[in-house]
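I have placed the structure first, in the form of structure tokens, so that the comments after it can refer back to it.
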Amino acid sequence: MAYRMGNFSYGRFLLGCYFLAIIFLTLCPYSFWIKLTSELPSCLRLSHIEALLKSSALYVIIHKYFLLNASPEDSAFRGYADIGSDVNMHDYDFVRSLIHSRGSSIDEYVEFANGGPVECESLHKEAQMSMILAVKHQAAGRTEMALKLLKHAAELDPKNSDVLNLLGEAFEKLWIVSKGHEIDSAVLNYDGLITSMSLDQVENIITAESLYTKALINNPANVRATNNRRRTLPIVEKIDRQRFQSIDLKVVRFYLVPESNPGLKKAKIEHYFQHIYHSNAIEGNTLSLAQTRAVLETRLAIGGKSLQEQNEVLGLDAAFKYLNTTLLSGSSTPISMSDILELHRRVLSFIDLTEAGRLRRTQVFVGDHIPPPAKMLPELMQELVDWINSGEAAALHPIELAALAHWKLVYIHPFYDGNGRTSRLVMNLLLMRAGFPPAIVREEDRHIYYGTLKTANLAECTERAVDDYLKAAFGTAASKTEKKIVIPSDRPSLYQLGPLVQYIPTLHFPWMPYERPVGQAKIIHST
1 MAYRMGNFSY GRFLLGCYFL AIIFLTLCPY SFWIKLTSEL PSCLRLSHIE
51 ALLKSSALYV IIHKYFLLNA SPEDSAFRGY ADIGSDVNMH DYDFVRSLIH
101 SRGSSIDEYV EFANGGPVEC ESLHKEAQMS MILAVKHQAA GRTEMALKLL
151 KHAAELDPKN SDVLNLLGEA FEKLWIVSKG HEIDSAVLNY DGLITSMSLD
201 QVENIITAES LYTKALINNP ANVRATNNRR RTLPIVEKID RQRFQSIDLK
251 VVRFYLVPES NPGLKKAKIE HYFQHIYHSN AIEGNTLSLA QTRAVLETRL
301 AIGGKSLQEQ NEVLGLDAAF KYLNTTLLSG SSTPISMSDI LELHRRVLSF
351 IDLTEAGRLR RTQVFVGDHI PPPAKMLPEL MQELVDWINS GEAAALHPIE
401 LAALAHWKLV YIHPFYDGNG RTSRLVMNLL LMRAGFPPAI VREEDRHIYY
451 GTLKTANLAE CTERAVDDYL KAAFGTAASK TEKKIVIPSD RPSLYQLGPL
501 VQYIPTLHFP WMPYERPVGQ AKIIHST
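The opening position of the sequence shown corresponds to residue 1 in UniProt numbering, with each subsequent residue numbered one higher.
Structure below.
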């Protein structure tokens, strides 16, 4: 009797809980249910619950051995290698458009906006309030305060098309205030306009156009951003062309320097060590420049530093040597996927031999970015290589080609580790095959590098390298601190010189700062 009374009391308790839950749910605002039903599918998609379940050992055992009656050689560990293989391939069709694009078409980048994290509603509201307050300050003529508020709003809600567009207009407003009139593309003399612009004004226009582009990526229907970009894009393209021409002339001047110049020899040696130091430091390596040089010259372990970091130095050194002695020997030979894999194999040759020179076999997640699934990598990498060797790519300026190839390879993210270092090697390979010196992306520019990966950044790195060489050879270089952008003469750019290019010596990477006997390049072990 007591047992039945206990069950009855427990049943009444559960029934009361059910009623309380129903009452609580019915009292929730209607907007809560609308928001829940609209966000739930995207949350489930981002959480990859299906992929998680299908990667579990229980699922693999039941699915392979009981449902499908799989053969014994289908090991359960194979389920780990198949993670991400059930992803809908159509969700990544836009990657092919990315590979074959120049980056100037907004339509090809629209789908990049899909797949980011779900924004926090409170941050979205705070960004909206900052944007409204910025508009009021802008109307009152307080441009600097409006710019600060819009920057804050963009940090809170980086995919808000309206915020990005208004931030671009604020940067453009800085130019309008200083010049006294707005940009009228119909009657604009681009050469005269750019000549009269200071470096700060140039940066403001470039930043504004970049923000308009981001606004359209997140909302292609933003008419105001479309008009703004249509107005500023020709100016930015003209600035890029003039920047390329200026660098071309400096490179031609660089080739007039004899190889025996002592200042140039010293600069080449220093740049070699800086290449290895900065490329590793960008990825988080904590070795200093002096320690990096000591590892390369002595092959001895440095106390207080991890052996993996020191072996990363040796791996990048081996990759540079391979690039110099093999890949640059035939500059007319098309780049192949095996060349990229060989570079990667040497990058990881002292760290992880099991993954060195191999495409990843599982899905990875890089911050907010979800790279294509592993089963698509061979096809996507071959398409990227075909594009690099295509006539369309050959028509681009080498700096633009190198920047685009680098960005696309980073986006595909074909390896478990070493993607950034390998991408920078491919970038410099393309530059050097065209006769340009390798560009050093410095560690202190890491945040800009990760945030943009733009052509303008690579142009700055390339020009900085040429200026360093010219300054070492002649004692002076074209200063980057000039107040005005000078339009160069109508001389053809370096990559358009035709037959003259074959007489220009190949600018090799290492310039062999040290010599060592064969077989001495060993992995560093603890003593």
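Virtual Cβ for every residue (Gly too), placed ideally from N, Cα, C.
Give the secondary structure of residue i by DSSP, where H, G and I count as helix, E and B as strand, and everything else as coil.
i: His413; result: coil
i: Val202; result: helix
i: residue 579; result: Past the boundaries of the shown model lies residue 579; the chain is included only from 1 to 527, so the question cannot be answered.
i: Asn165; result: helix
i: Glu111; result: At Glu111 the pLDDT is 39, less than 50, meaning the model places this residue with poor confidence; the figure from the coordinates comes in the next sentence. Three-state result, Glu111: helix.
i: Lys148; result: helix
i: residue 530; result: Since the first and last residues shown for the chain are 1 and 527, residue 530 lies out of range.
i: Arg224; result: helix
i: residue 563; result: Residue 563 is absent from the model: the chain starts at 1 and stops at 527.
i: Pro398; result: helix
i: Tyr30; result: helix
i: Leu157; result: For clarity, residue 157 is Asp in the given sequence; the question names Leu instead. Here Asp157 sits in coil by DSSP.
i: Arg299; result: coil
i: Ile99; result: helix
i: Pro234; result: helix
i: Ile247; result: helix
Does the beta-carbon distance from residue i to residue j come in below 8 Å?
i: Tyr277; j: Thr298; result: no
i: Leu164; j: Leu199; result: no
i: Glu283; j: Arg421; result: yes
i: His152; j: Ser130; result: yes
i: Gly263; j: Ala472; result: yes
i: Gln138; j: Ala146; result: yes
i: Leu150; j: Leu167; result: yes
i: Val385; j: Ser423; result: no
i: His397; j: Phe171; result: no
i: Lys159; j: Asn218; result: yes
i: Pro334; j: Asn389; result: yes
i: Glu383; j: Ile99; result: yes
i: Ala394; j: Trp387; result: no
i: Leu296; j: Phe350; result: no
i: Asp445; j: Asp352; result: no
Mind checking which residues open and close the alpha helix (DSSP H) that includes residue i?
i: Pro262; result: 262-282
i: Val135; result: 121-139
i: Tyr322; result: 307-322
i: Asp386; result: 377-388
i: Glu355; result: That residue, Glu355, is in no alpha helix (DSSP H); it is neither H nor E in DSSP.
i: Arg421; result: 419-433
i: Glu392; result: 391-394
Quick check on residue i: buried or exposed, where buried means 16 or more other Cβ atoms within 10 Å of its Cβ?
i: His369; result: exposed
i: Phe32; result: exposed
i: Val347; result: buried
i: Thr462; result: buried
i: Gln274; result: buried
i: Glu169; result: buried
i: Lys214; result: buried
i: Pro373; result: buried
i: Ile440; result: buried
i: Glu400; result: buried
i: Tyr30; result: exposed
i: Pro414; result: buried
i: Ala154; result: buried
i: Ile412; result: buried
Within its chain, find whatever has a CB closer than 7 Å to the CB of residue i; leave out the 5 residues flanking it on each side and keep chain order.
i: residue 589; result: Look at the range of the chain in this structure, 1 to 527, and you will see that residue 589 is not part of it.
i: residue 587; result: Look at the range of the chain in this structure, 1 to 527, and you will see that residue 587 is not part of it.
i: Leu425; result: Ala319, Leu323, Leu343
i: Asp339; result: Leu327
i: Glu309; result: Asn285, Thr286, Leu287
i: Leu316; result: Ile276, Ser279, Asn280, Val347, Arg421
Return the chain-ordered list of same chain residues with a C-beta closer than 6 Å to the C-beta of residue i, the five sequence neighbours on each side being excluded.
i: Leu289; result: Tyr277
i: Arg345; result: Ala356, Gly357
i: Leu359; result: Leu377, Pro414
Residues in the same chain with beta-carbon distance under 8 Å from residue i, minus the five sequence neighbours each way, listed in chain order, please.
i: residue 528; result: Beyond the ends of the chain as shown, which are 1 and 527, falls residue 528; an answer cannot be given.
i: Glu73; result: With a pLDDT of 35 at Glu73, under the threshold of 50, the predicted position of this residue should be treated as unreliable, though the coordinate-derived value follows. If we look at Glu73 and ignore the five residues flanking it on each side, it has no Cβ neighbours.
Can you determine whether any heavy atom of the ligand FAD sits closer than 7 Å to the C-beta of residue i, and answer yes or no?
i: Glu172; result: Absence of the ligand FAD is noted for the structure shown, with no ligands found whatsoever.
For residue i, would you say it is in contact with chain D, using Cβ-to-Cβ distances shorter than 8 Å as the test?
i: Thr326; result: No chain D is part of this structure, which consists of one protein chain only.
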